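Below is one structure; the comments refer to it alone.
Number of protein chains: 2
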Amino acid sequence: MSKTEKRVKTLKKGCGRLKKGDRRRQILLELKLRPHVRISELAKRFHVSNETLRRDFDALSRDGLISRAHGGASAPMQGYYPSLDERTNARIEQREQIGVRAASLVQDGETVMIDSGSTTIEMARALAYQGTPCTVITNSIPVAMTLGNDEVQILLCPGEYLAPESAAIGTDTLEFLSRFNVDRCMIGSSGISDEGPSETVRGFAAVKRVMLRRATTRHLLIDSDKFGRKGLAHVAALSELDTIITDASPTGDLLTKVKTAGVEIDVAEPS
Amino acid sequence: MSKTEKRVKTLKKGCGRLKKGDRRRQILLELKLRPHVRISELAKRFHVSNETLRRDFDALSRDGLISRAHGGASAPMQGYYPSLDERTNARIEQREQIGVRAASLVQDGETVMIDSGSTTIEMARALAYQGTPCTVITNSIPVAMTLGNDEVQILLCPGEYLAPESAAIGTDTLEFLSRFNVDRCMIGSSGISDEGPSETVRGFAAVKRVMLRRATTRHLLIDSDKFGRKGLAHVAALSELDTIITDASPTGDLLTKVKTAGVEIDVAEPS
DNA sequence: ACCAAACCGAGGTATATGCAACAAAAACCG
DNA sequence: CGGTTTTTGTTGCATATACCTCGGTTTGGT
């Protein structure tokens, strides 16, 4: 009888029955109101079985329109790096240590440039947790969002928005950064060799270079996995760095080259 | 024995373990980046048991700082939401209609400035769904993230990052916008009266003004609830608009003033 | 009227989560 | 130093959800 009821209702409502696409639209609508909806809740509301809702959630999840969770779904984490997620899972602890160590270097009232990247996001998180009042200039959206609403004033860089990395790059970014002089800069890179840090994306290398040029003290945040790796684009020479903040000291040739260049190695302890 | 094992393990890496208050802050920070976090996920990350995380979630939930869900928690929802409230649903639908209508005006290859605000975010969603190849200049982070990853090239404005609105404002923003000439601009506002649109935040009014100045065709996206309202800061005169995209035509004095100013009224119909 | 495809619902089983009580460790304090 | 409080980990059980398969129903086309 509930079937007949439903049928009558949907017929009354208009163009045909309550189809999959119709429910899907309702689900998305609901997610705009609330960050999270539960399967059983919507099932009761639409008068369909939980299984049906589950299928809808799966379909929407495949299309990337929602983000599934146990018991329901939430709005897609907007702009959150899909490629970056895998990397994030790998070396969380090292990154966190590096981030905490780097954030502890920032003094009250300083101005800091922060690069984009997963390690610098960790650093931003640690800085927000510290609550150090300071000014941050960044081209990374996640960094800005993490530090926002706190005692930190944030200057966002202009530029062409690169969705996979959630950051702005391009000549506008470079020109904007060039207008400032800051106390510190915190950059990451996808590799470091005896020639210095390097990046896989050319646009990012230019941003990092400008940040290094405008900062009094220059820190490189990099985990020990990346020692010896060479990316496509050269960022800077070792001598253009002041400190390398990492989770384990390099060895062999890289170590001697770093020392020769007069770069301090700051090993973040699990403390 | 598993106890002893675990104890040894946590002691070993152990001094880095977070205390209750620290974990809570980390949870809130994480929720700034993602709309939903899972208990098991954070438990692994913090190296604590699921029960501990559950207690933290309960505590934060009691304080109203987060919203609990089965298996996790999400950011606190703004205002309470009777899920079956038809008025709320209707308003959301109106916004979506306005967004779809506005997005349909964008032609292939055009350059568009998009303001910050909930209605313009809806418009960005519709534009992303359409897949119209174009260039977008915006100071709104959600707009940039929504349109990213598609055929749309996005230029992000610089400026001081305003966390509550997730947008950039300030003189840097204005100066950047002034350097461009675009085909269209899409702005929202918190009210419109016979004197024109107005905003509650002064910084935003300036941004909207510059966008209007740099665009050939100027659209105002506003839902009919806001007719007659006056915000703190005046944005522009009615005559500086070309089209008002809304869900219902204004009436009475406002209607005559709008018509006198030569502004077209575009009523978005429910598709 | 028939068939094919898609959609939906029901059942069973495995897994994940929630909850409450207890035990252990750590922190706190005099 | 010892006792007390707080925090955390573990256990067992109830519940909720996920996943799979099957069969029925509707839809759409010929």
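These protein sequence lines map, in sequence, to chains A and B.
Residue numbering for the first sequence is -1 to 269, as defined by this note's numbering.
Residue numbering for the second sequence is -1 to 269, as defined by this note's numbering.
For glycine and all other residues, C-beta sits at the position ideal for the given N, C-alpha and C.
It should be emphasised that the depicted structure is a prediction, and the values quoted were computed from it without experimental measurement.
Which residues in the same chain as residue i place their Cβ atom closer than 6 angstroms to its Cβ, once the five residues preceding and following it in sequence are excluded?
i       : result
V265(A) : S247
P80(B)  : With a pLDDT of only 45 at P80(B), under the threshold of 50, the placement of this residue in the model should not be trusted, and no figure is reported.
R211(A) : none
A241(B) : A small fix is needed here, since residue 241(B) is Thr in this sequence, not Ala. So the qualifying residues of the chain are H217, E262, D264.
Q92(A)  : D221, D245
A203(A) : E197, A231, V233
E238(A) : L210
S272(B) : Beyond the ends of chain B as shown, which are -1 and 269, falls residue 272(B); an answer cannot be given.
K18(B)  : none
With C-beta atoms as the reference, is residue i less than 8 angstroms away from residue j?
i       : j       : result
I243(B) : I96(B)  : yes
H68(A)  : R36(B)  : yes
D192(A) : D221(A) : no
I119(B) : P140(B) : yes
L175(A) : I167(A) : no
L153(A) : T133(A) : yes
G186(A) : L219(A) : yes
P156(A) : C155(B) : yes
I90(A)  : P74(A)  : no
T171(A) : V199(A) : no
D61(A)  : T109(A) : no
A235(A) : G194(A) : yes
L26(B)  : M143(A) : no
S138(A) : S164(A) : yes
Q151(B) : E158(A) : yes
G226(A) : L252(A) : yes
Run through the DSSP bridge pairs and tell me what residue i is partnered with.
i       : result
F225(B) : I190(B)
V35(B)  : A71(B)
I112(A) : T136(A), M184(A)
E262(A) : T241(A)
A231(B) : E197(B)
L158(B) : Position check: residue 158(B) holds Glu in this sequence, whereas Leu was assumed. Answer is L153(A), I167(B), bridged to E158(B).
S59(B)  : None; S59(B) has no bridge partner.
L29(A)  : Answer is none; L29(A) lacks a bridge partner.
L218(A) : I185(A), I242(A)
Where does residue i sit, in a helix, a strand or coil, going by DSSP?
i       : result
Q151(B) : strand
E267(A) : coil
R89(B)  : helix
A213(A) : strand
S47(A)  : coil
L103(B) : coil
K17(B)  : coil
L82(A)  : Low confidence applies here, because L82(A) scores a pLDDT of 44, under 50, leaving its location unreliable; read the following figure in that light. The answer is helix: DSSP assigns L82(A) an H, G or I state.
I167(A) : strand
S236(B) : Note that residue 236(B) is Leu in the sequence shown here, rather than Ser. L236(B): helix per DSSP, three-state reduction.
R23(A)  : helix
G250(B) : helix
R207(A) : helix
R66(B)  : strand
R177(B) : coil
R130(B) : Per the sequence presented here, residue 130(B) reads as Thr, with Arg not at that position. Of the three classes helix, strand and coil, the one that applies to T130(B) here is coil, per DSSP.
G97(B)  : helix
Sorted by chain position, which residues of the same chain lie with C-beta nearer than 8 angstroms to residue i's C-beta, five sequence neighbours on each side aside?
i       : result
D56(B)  : R66
A41(A)  : S47, N48, T50, L51
T2(A)   : Residue placement at T2(A) cannot be trusted, given a pLDDT of 36 that sits under 50; what the coordinates show is reported in the next sentence. Correct list: empty, nothing qualifies.
K224(A) : S187, S188, G189, I190
Near residue i, which residues of its chain fall below 7 angstroms by C-beta distance, leaving aside the five closest residues on each side in sequence?
i       : result
R21(A)  : F44, D54
P268(A) : Q95
F178(A) : I135, R212
A101(B) : M121, A124, L125, Q128
R99(A)  : I243, D264, A266
G70(B)  : H34, V35, R36, I37
G146(B) : I152
Practice task
With 7 angstroms as the limit, tell me which residues of the stretch 137 to 149 of chain A have their beta carbon closer than that to any beta carbon of chain B; keep them in chain order.
Solution key: Residues of the stretch 137 to 149 of chain A with a C-beta less than 7 angstroms from any C-beta of chain B: I139, P140, A142, M143, T144, G146, N147, listed in chain order.
Practice task
Scan the stretch 62 to 73 of chain A for residues whose Cβ lies nearer than 8 angstroms to a Cβ of chain B and list them as they occur along the chain.
Solution key: Within the stretch 62 to 73 of chain A, contact with chain B at the beta-carbon level (separation under 8 angstroms) is assigned to S65, A67, H68, G69, G70, S72, A73.
Problem - Contact list for the stretch 173 to 197 of chain B against chain A, Cβ threshold 7 angstroms - result: Against chain A - using a Cβ distance shorter than 7 angstroms - the residues of the stretch 173 to 197 of chain B are F174.
Exercise for the section: Anything in the stretch 212 to 244 of chain A with a Cβ closer than 9 angstroms to a Cβ of chain B? List those residues in chain order, please. Expected result: For the stretch 212 to 244 of chain A, there are no residues whose beta carbon sits under 9 angstroms from a beta carbon of chain B.
Exercise for the section: Scan the stretch 253 to 267 of chain A for residues whose Cβ lies nearer than 7 angstroms to a Cβ of chain B and list them as they occur along the chain. Expected result: If the cut-off is 7 angstroms between Cβ atoms, the stretch 253 to 267 of chain A has nothing near chain B.
Practice task
Scan the stretch 43 to 58 of chain B for residues whose Cβ lies nearer than 7 angstroms to a Cβ of chain A and list them as they occur along the chain.
Solution key: Contact residues of the stretch 43 to 58 of chain B toward chain A are R43 (C-beta to C-beta distance below 7 angstroms).
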